[in-house]
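Here the structure comes first, spelled out in structure tokens, and everything after it is commentary.
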Amino acid sequence: MESYLQSANSLVIKWTVGLIVLFVLSQSLLFLWIAVKRGRAAGLSDQVMRRAFRAGVTTSIIPTLPILMALIAMAPVLGLPISWMRLSLIGSAPYELMAAGIGAKTMGVHSLGGEAFTPAVFANAVWVMCIGSFWAIMIVTVFYKGLKKRYALKAAGDSRWQEVLTGSCFMGVFALFMADPLTSGGVALATFTTSALFMGMCLFLIVKFKFEKLREFALTLSMIGGMAMSVVWSLYFG
Amino acid sequence: MNNEYKPEKYERLNHLIGRITLPAGFILTFLPLFVLWKQFGITPEWLKLVEGIFSISVLMAPVSLVEVLTFTAMLGSGAMYMSYLTGNITNLKIPSAAMALEVCEVSPAGEEGEILSTIAIAGSVIISEIVIVAGVLLIGPLTSHLQQPVLQPAFTHILPALFGAIGAFYVLKEWKTAIAPLCVAIVLNLVGELPTALTIPLCVVVSVSVARWLYVHGFLHKKEVPVDEYAG
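Below, the structure written as structure tokens:
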């Protein structure tokens, strides 16, 4: 048990993973660069593009925290570098845990970590995690271009419908996550409602008092408000 | 003609970069596994691995197909390739793309929306990576701080906080299109633990179908209650 964690946490693995993360970052920088170039050519002002970038940054800081929690949970079992790589590339924490679980299960081990988690079980778990992402990557690489073309052809010409279509797609995904607290009640529902009220207040300030700066931070502030109040709610309900 | 050529060139470039970097990133994830194998002799049991691959594929092949079909309508090309390389699509990438478009007051339809959502997702990827790297470097002290019992409710309720805020925004923006997906989502939730491979597409299909019906019957024709006017 000790030995595989020593290897998994060794310097060479850390460096390898560091390089892979650099690769991911360079892909994003490349897409960012060509998007900004194309944006300028299409007449978008630098100010608007900076706003979009800032919005992406500010809205992502807090939702990244659960990834850190997953990192803390996975590192003692899979080693820090592999956990870091898996949480930075392809998939999400629930997928990684499920895939690792499947890998271990085929070896007859029903938990992650512990006495039975031998180097071979560890290897099976991480190989299954990596290979499991094959399907998503293959489908996007091979079929996405064609799908996108077909979709664009169908929606072309009616920009209002295209706007409604995209908005309703977003709403479909958001509704599922909204239904969780709505049906479970308790602290989750109280947090959900608080956060929604904070957003309502932000929108009121933006619209009524033209507090435009708030627009970019409305989501982050509402989330922080909701999360802070969840501590109070859990004392109250708990 | 020249102007028309440029967006196409941008689109082609996005696909070219995406189609190279996405499989390359996938292959790179095996690099540490090979180092573990070659340098430390840590290998899986190959027969058992085949069994594991079969199990995960039975699950992931249909899930991935449905997800790709669903997200194609929401994200531009660059945004899509970045999202798939880095993961965490529903909890990170889609909310940040949606908020960026609202902040910039740009319609998701059309090229401007595509460019801005790509920029927003690049921002999202970069900051997430910075936060994760900070986490990797500070994992010792972080573990004790983040696991303090008093703070636990805040971290276990990040998703209700996120979707309470973004949900309120979308409901206020276009409430007519929000009712149907919300009702379906609540029913699906009450039914029990269903796989997201089923629930996400179902909810999106209902949402889009009802929106189409509302649109065709003239309920959404004019610019529907923009947030700017709503609270005012």
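Top line first, the protein sequences correspond to chains C and Y. For the first sequence, the working numbering gives the first residue as 2, with consecutive numbering after it. For the second sequence, the working numbering gives the first residue as 112, with consecutive numbering after it. By construction, the Cβ of each residue, glycine as well, lies at the ideal position given by its N, Cα and C atoms.
Legend entry - Reference serine 27 (chain C), options Y:Pro252, Y:Met193 and Y:Pro306, closest by Cα: Check the Cα spacing between serine 27 (chain C) and each of Y:Pro252, Y:Met193 and Y:Pro306: the tightest is with Y:Met193.
Inset, instruction - Could you confirm whether any beta carbon from chain C is found closer than 9 angstroms to the beta carbon of histidine 328 (chain Y)? - result: It does not: the Cβ of histidine 328 (chain Y) has no partner Cβ on chain C nearer than 9 angstroms.
Legend entry - Backbone CA spacing between lysine 209 (chain C) and valine 321 (chain Y) [nearest angstrom]: So the two alpha carbons sit approximately 31 angstroms from each other.
Legend entry - Assigned secondary structure, leucine 331 (chain Y) (DSSP; H/G/I helix, E/B strand, else coil): It is coil, neither helix nor strand.
Legend entry - Per-residue contacts from glutamate 304 (chain Y) into chain C (C-beta, under 9 angstroms): Residues of chain C with a Cβ closer than 9 angstroms to the Cβ of glutamate 304 (chain Y) do not exist; the shortest Cβ-Cβ separation is about 11 angstroms.
Inset, instruction - Please specify which runs of the alpha helix (DSSP H), each continuous and at least 4 residues long, are wholly inside the segment 247-310 of chain Y, giving them in chain order. - result: As far as the segment 247-310 of chain Y is concerned, its whole alpha helix (DSSP H) runs of at least 4 residues are 250-257, 263-267, 269-284 and 286-302.
Inset, instruction - Kindly indicate the opening and closing residues of the alpha helix (DSSP H) around proline 64 (chain C). - result: Counted as a single uninterrupted DSSP element, the alpha helix (DSSP H) harbouring proline 64 (chain C) occupies residues 47-79.
Inset, instruction - Consider the C-beta atom of arginine 216 (chain C) and the heavy atoms of the ligand FAD; say whether any pair is separated by less than 8 angstroms. - result: The ligand FAD is absent from the structure shown, which contains no ligand whatsoever.
Inset, instruction - Could you tell me the boundaries of the alpha helix (DSSP H) in which methionine 228 (chain C) lies? - result: That run of the alpha helix (DSSP H) goes 215-238.
Legend entry - Collapsed DSSP secondary structure at lysine 211 (chain C) in the structure displayed: In this structure, lysine 211 (chain C) counts as coil in the three-state DSSP scheme.
Legend entry - Selection from C:Ile73, C:Leu222, C:Phe24 and C:Val58 that minimises the alpha carbon distance to glycine 251 (chain Y): With distances taken between Cα atoms, glycine 251 (chain Y) lies closest to C:Ile73.
Inset, instruction - List the residues of chain C that glutamine 150 (chain Y) touches, going by C-beta distances under 7 angstroms, in chain order. - result: Taking a Cβ-Cβ cut-off of 7 angstroms, the neighbours of glutamine 150 (chain Y) in chain C comprise Val13, given in sequence order.
Inset, instruction - Anything in chain Y within Cβ reach of phenylalanine 123 (chain C), meaning under 8 angstroms, just list it in chain order. - result: Simply Ile153.
Inset, instruction - Using a Cβ cut-off of 9 angstroms (strictly closer), state whether proline 264 (chain Y) contacts chain C. - result: Chain C, which has a Cβ nearer than 9 angstroms to the Cβ of proline 264 (chain Y), makes this yes.
Inset, instruction - Put glutamate 115 (chain C) into one of helix, strand or coil per three-state DSSP. - result: Correcting the residue identity first, residue 115 (chain C) is glycine in this sequence and not glutamate. DSSP places glycine 115 (chain C) in coil when its eight states are reduced to three.
Inset, instruction - Report all residues from its chain with a CB closer than 7 angstroms to the CB of alanine 208 (chain Y); omit the five preceding and five following residues, and keep chain order. - result: Leu186, Ala190, Ser228, Ala231 and Ile232.
Inset, instruction - Using alpha carbons as the reference points, say which of C:Phe205, C:Val127, C:Cys131 and C:Pro182 lies closest to threonine 194 (chain C). - result: Cα-wise, what sits closest to threonine 194 (chain C) is C:Pro182.
Legend entry - Among Y:Ile131, Y:Ile269, Y:Tyr121 and Y:Phe137, the one whose alpha carbon lies nearest that of methionine 230 (chain C): It is Y:Ile269 whose Cα lies nearest to the Cα of methionine 230 (chain C).
Legend entry - DSSP state of glycine 109 (chain C) mapped onto helix, strand, coil: DSSP places glycine 109 (chain C) in coil when its eight states are reduced to three.
Legend entry - Cβ pair isoleucine 61 (chain C), phenylalanine 151 (chain Y) closer than 9 angstroms: It should be pointed out that residue 61 (chain C) corresponds to serine in this sequence rather than to isoleucine. With a cutoff of 9 angstroms on beta-carbon distance, serine 61 (chain C) and phenylalanine 151 (chain Y) are scored as not near each other.
Inset, instruction - Assign cysteine 170 (chain C) to one of three DSSP states: helix, strand, or coil. - result: Of the three classes helix, strand and coil, the one that applies to cysteine 170 (chain C) here is helix, per DSSP.
Legend entry - CB contact check: proline 252 (chain Y) to chain C, cutoff 9 angstroms: No, proline 252 (chain Y) lies away from the interface with chain C (no Cβ there is under 9 angstroms from its Cβ).
Legend entry - CB contact check: glycine 173 (chain C) to chain Y, cutoff 9 angstroms: When Cβ-Cβ separations below 9 angstroms define contact, glycine 173 (chain C) makes contact with chain Y.
Legend entry - Selection of the segment 174-194 of chain C by Cβ proximity to chain Y, strictly under 9 angstroms: Correct list: Val174, Phe175, Ala176, Leu177, Phe178, Met179, Ala180, Asp181, Pro182, Leu183, Thr184, Ser185, Val188, Ala189, Leu190, Ala191, Thr192, Phe193 and Thr194.
Inset, instruction - Would you mind working out which of C:Leu31, C:Ile21, C:Trp16 and C:Ile35 sits nearest proline 118 (chain Y), comparing C-alpha positions? - result: Closest option to proline 118 (chain Y), Cα to Cα, is C:Ile35.
Legend entry - is_contact[leucine 72 (chain C), chain Y] using C-beta, thresh 9 angstroms: For leucine 72 (chain C), the answer is yes, since a Cβ of chain Y falls inside 9 angstroms of its Cβ.
Inset, instruction - Closer than 7 angstroms by beta-carbon distance: list the chain C residues that pair up with glutamate 119 (chain Y), in chain order. - result: Identification of chain C residues near glutamate 119 (chain Y) by a Cβ-Cβ cut-off of 7 angstroms yields none; the smallest Cβ-Cβ distance measures about 11 angstroms.
Legend entry - Residue span of the alpha helix (DSSP H) that contains serine 11 (chain C), given as start and end: No alpha helix (DSSP H) holds serine 11 (chain C); DSSP gives it neither H nor E.
Legend entry - Cβ distance (whole Å) where phenylalanine 205 (chain C) is taken to contact glycine 226 (chain C) below 8 angstroms: With 8 angstroms as the limit, phenylalanine 205 (chain C) and glycine 226 (chain C) do not qualify as a contact, their Cβ atoms being about 14 angstroms apart.
Inset, instruction - Find the residues of chain Y that neighbour alanine 43 (chain C), judging by a C-beta separation of less than 7 angstroms, and give them in chain order. - result: Correct list: Glu222, Glu223 and Ile226.
Inset, instruction - Assign tyrosine 237 (chain C) to buried or exposed, taking buried as 16 or more other Cβ atoms, counted over all protein chains shown, within 10 Å of its Cβ. - result: It counts as exposed.
Legend entry - Chain-ordered chain C contacts of leucine 309 (chain Y) [CB-CB under 8 angstroms]: Identification of chain C residues near leucine 309 (chain Y) by a Cβ-Cβ cut-off of 8 angstroms yields none; the smallest Cβ-Cβ distance measures about 11 angstroms.
Inset, instruction - Give me the Cα-Cα distance between isoleucine 164 (chain Y) and valine 127 (chain C), rounded to the nearest whole angstrom. - result: Take the alpha-carbon of isoleucine 164 (chain Y) and the one of valine 127 (chain C): they are about 11 angstroms apart.
Legend entry - Reference tyrosine 5 (chain C); option with closest CA among C:Gly104, C:Leu69 and C:Val122: Answer by Cα proximity: C:Val122.
Legend entry - CA-to-CA distance, proline 134 (chain Y) to leucine 124 (chain Y), given in whole angstroms: Near 16 angstroms, if we compare the C-alpha coordinates of proline 134 (chain Y) and leucine 124 (chain Y).
Inset, instruction - Since I believe alanine 279 (chain Y) is in contact with glycine 201 (chain C) (beta carbons under 8 angstroms), could you give me their beta-carbon distance rounded to a whole number of angstroms? - result: About 6 angstroms separates the beta carbon of glycine 201 (chain C) from that of alanine 279 (chain Y), a gap short enough to meet the 8 angstroms contact definition.
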